[in-house]
Amino acid sequence: MPRLSLGSSLARWGARGLLVGLAGCVEPYAPDVVNAPTSILVVDGFINGNGITRIKLSRTVDIATTTTPPAEKGARLFVVDDTGQQYALIEKTGGSYQSDSLQLSPARQYQLRITTAANVVYQSDAAPLKVTPPIDDLNVGVDGTQVQVRLNTHDATRQSRYYRWSFVETWLFHTPFESLLQYDPSTASIVKRAVSLYTCWRTERPSGIRQASTVQLSQDALVNALVLPLSGRTERLQIRYSVLVSQVAETAEEFAYYEL
Numbered sequence: 000m001p002r003l004s005l006g007s008s009l010a011r012w013g014a015r016g017l018l019v020g021l022a023g024c025v026e027p028y029a030p031d032v033v034n035a036p037t038s039i040l041v042v043d044g045f046i047n048g049n050g051i052t053r054i055k056l057s058r059t060v061d062i063a064t065t066t067t068p069p070a071e072k073g074a075r076l077f078v079v080d081d082t083g084q085q086y087a088l089i090e091k092t093g094g095s096y097q098s099d100s101l102q103l104s105p106a107r108q109y110q111l112r113i114t115t116a117a118n119v120v121y122q123s124d125a126a127p128l129k130v131t132p133p134i135d136d137l138n139v140g141v142d143g144t145q146v147q148v149r150l151n152t153h154d155a156t157r158q159s160r161y162y163r164w165s166f167v168e169t170w171l172f173h174t175p176f177e178s179l180l181q182y183d184p185s186t187a188s189i190v191k192r193a194v195s196l197y198t199c200w201r202t203e204r205p206s207g208i209r210q211a212s213t214v215q216l217s218q219d220a221l222v223n224a225l226v227l228p229l230s231g232r233t234e235r236l237q238i239r240y241s242v243l244v245s246q247v248a249e250t251a252e253e254f255a256y257y258e259l
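Counting from 1, position 98 in the sequence shown corresponds to residue 97 in numbering that gives the first Met the number 0; the numbering is continuous, with no gaps.
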């Protein structure tokens with residue numbers, strides 16, 4: 000997983016008249032889906048044929064709910080191949096499950112089987128294992144006020160065709176003010192701060208989805224593909240910045256799902 004580091008009045012009235020006309024035509028519409036059950040199992044993750052498979056289970060909530068969707072705890076998860084071989088996933092934290100580091104055969108087909116704590120069984124369709132080619136290289140460029148992280152990758156076997164990327168960003172920043180003193184309750188006095196709070200690090204996993212396809216190309220290769228655009232004014236680029244880029248080869252069905 001490569002890492003990249005970087006130190007008129009009439010017009011106004013006309014518009015208003017149009018808006019008034021539109022507002023008079025608006026009628027409430029409540030689709031049937033509003034009355035559907037809200038507690039639907041959400042499965043987030045994928046089968047990793049060369050490493051650890053991580054799956055997160057949760058439940059949907061009503062759109063008006065402001066709390067975090069509840070985790071699906073106590074489930075039993077297995078990756079199963081077309082010969083019946085099973086690989087267990089263990090719950091590490093509430094609703095988050097992971098396997099041991101796996102080396103799965105690309106000659107087999109695999110599915111995910113889930114049994115909830117309420118003994119409700121779910122299973123995915125069996126699918127071939129996609130072997131992800133490595134990222135050839137990462138580079139960074141500037142386009143106007145935007146800093147762009149780009150990459151090159153290819154699959155000589157032409158079996159990948161669909162690619163998705165995820166990121167872990169880490170950057171160094173300074174607080175707006177430097178605090179040199181702190182209160183010591185044991186002596187009821189102000190003392191010099193032993194640990195500086197001025198220099199800080201932050202790590203985030205962006206939630207956006209970046210993917211690309213080479214289906215329309217003669218070669219299964221991406222050259223200088225834009226995978227992460229950043230504003231040149233963002234705080235994270237001011238001092239020190241690093242990004243870890245992970246690449247996954249997808250099936251056509253996965254690609255279509257994430258394009259929705």
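Don't be surprised by glycine CBs; every beta carbon is placed ideally from N, CA and C. Keep in mind the model is a prediction, meaning the values are calculated, not measured.
| Check | Outcome |
| --- | --- |
| Below 8 Å CB to CB, which residues in the same chain sit around Y256 once its five sequence neighbours on both sides are set aside? | none |
| What are the complete beta strand (DSSP E) segments, minimum 3 residues, inside the region 89 to 175? | 95 to 102, 108 to 114, 120 to 122, 134 to 142, 145 to 153, 161 to 173 |
| Is DSSP giving A22 helix, strand or coil here? | The pLDDT assigned to A22 is 46, lower than 50, so where the model puts this residue is not dependable; a value taken from the coordinates is nonetheless given after this. If DSSP states are grouped into helix, strand and coil, A22 belongs with the helices. |
| Find out if the Cβ-Cβ distance for the pair S212, R157 is shorter than 8 Å. | no |
| Determine, for T198, whether the minimum Cβ-Cβ distance to residues of chain D falls below 8 Å. | Protein chains in the displayed structure number just one, and chain D is not present. |
| Hey, could you find the ends of the alpha helix (DSSP H) Y28 is sitting in? | No alpha helix (DSSP H) contains Y28, which DSSP labels as neither H nor E. |
| Note the first and the last residue of the continuous alpha helix (DSSP H) segment covering A254. | Checking the sequence, you will find Phe at residue 254 rather than Ala. Counting along the chain, the alpha helix (DSSP H) containing F254 begins and ends at 251 to 258. |
| Starting from R201, trace the beta strand (DSSP E) in both directions and tell me its first and last residue. | 198 to 203 |
| In the DSSP assignment, find the unbroken beta strand (DSSP E) run with Q215 in it and report its ends. | That residue, Q215, is in no beta strand (DSSP E); it is neither H nor E in DSSP. |
| So the beta strand (DSSP E) A248 belongs to, where does it begin and stop? | 239 to 248 |
| In chain order, what residues of the same chain have a beta carbon less than 8 Å from the beta carbon of C199, not counting five sequence neighbours either side? | L171, F172, H173, T174 |
| Measuring CB to CB, does A224 end up less than 8 Å from R149? | yes |
| Return the Cβ separation of I113 and L137 in integer angstroms, given the expectation that the two are a contact with Cβ distance under 8 Å. | About 35 Å separates the two Cβ atoms, so there is no contact after all. |
| Assign T131 to buried or exposed, taking buried as 16 or more other Cβ atoms, counted over all protein chains shown, within 10 Å of its Cβ. | buried |
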